[in-house]
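Written below as structure tokens is the structure these notes are about.
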Amino acid sequence: MAAVLFATHYHELTKLAGKLPGVTNLSMAVEEGKEGVTFLHKVVESPSDRSYGIEVARLAGVPSLVLRRSKELLAGFEAAANEQKSSLPVNEESQMKLFDVGHEAILEELAASDPDEMTPMEALQIVYRLRKESRKVLGFK
Numbered sequence: 227m228a229a230v231l232f233a234t235h236y237h238e239l240t241k242l243a244g245k246l247p248g249v250t251n252l253s254m255a256v257e258e259g260k261e262g263v264t265f266l267h268k269v270v271e272s273p274s275d276r277s278y279g280i281e282v283a284r285l286a287g288v289p290s291l292v293l294r295r296s297k298e299l300l301a302g303f304e305a306a307a308n309e310q311k312s313s314l315p316v317n318e319e320s321q322m323k324l325f326d327v328g329h330e331a332i333l334e335e336l337a338a339s340d341p342d343e344m345t346p347m348e349a350l351q352i353v354y355r356l357r358k359e360s361r362k363v364l365g366f367k
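Plus 226 on top of the position in the sequence shown (first one is 1) and you've got the numbering used here.
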């Protein structure tokens with residue numbers, strides 16, 4: 227059985243390929259030119275060095291006014307991030323974690339569950355219990 231996780235902006239995941247057996251980091255090849263970005267429809271074994279969300283939005287037909295404002299905001303975020311990088315010591319804790327420590331119990335219960343060994347009702351009860359715990363951890367009412 228193969229498990230696949232698609233994620234954007236969780237740069238900590240790129241480090242897992244070198245640490246965990248069976249984990250491979252793939253991305254889509256992109257060519258950048260004067261006219262913009264061309265998505266090559268080719269999978270390559272490496273992380274992407276940047277996000278192409280604005281280019282995807284342009285291809286999807288998002289209005290140019292929205293794209294222009296997005297570029298302005300992105301430039302501001304990147305400038306602030308670069309400024310922060312230069313003034314703070316490098317520390318993995320500054321990256322938002324994919325799974326917080328508070329979620330550990332939920333993940334452990336899920337990992338220990340074997341749906342093939344339970345009745346549909348037992349599986350449904352676990353889903354409801356994990357949903358309730360997740361909502362509590364995430365601050366939902």
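Each residue gets a CB set at the ideal place from its N, CA and C atoms; glycine is no exception.
- Task: Could you check which residue in Glu330, Val270 and Glu348 has the C-alpha nearest to that of Glu221?
- Result: The shown model of the chain, from 227 to 367, leaves out residue 221, and the question about it has no answer.
- Message: Mapping the DSSP letters down to three states, classify Gly287 as helix, strand or coil.
- Response: coil
- Message: Within the continuous alpha helix (DSSP H) that includes Ser360, where are the two ends?
- Response: Pro346 to Leu364
- Which whole runs of the alpha helix (DSSP H) in the stretch 241 to 284 are 4 residues long or more, in chain order? none
- Item | Own chain, CB closer than 8 Å to Arg295, minus 5 neighbours either side, in chain order | none
- Message: Taking 8 Å as the threshold (C-beta atoms), are Val263 and Pro256 in contact?
- Response: It should be pointed out that residue 256 corresponds to Val in this sequence rather than to Pro. Yes. Within cutoff.
- Message: Please report the distance separating the alpha-carbon of Phe265 from that of Gly259.
- Response: 11 Å
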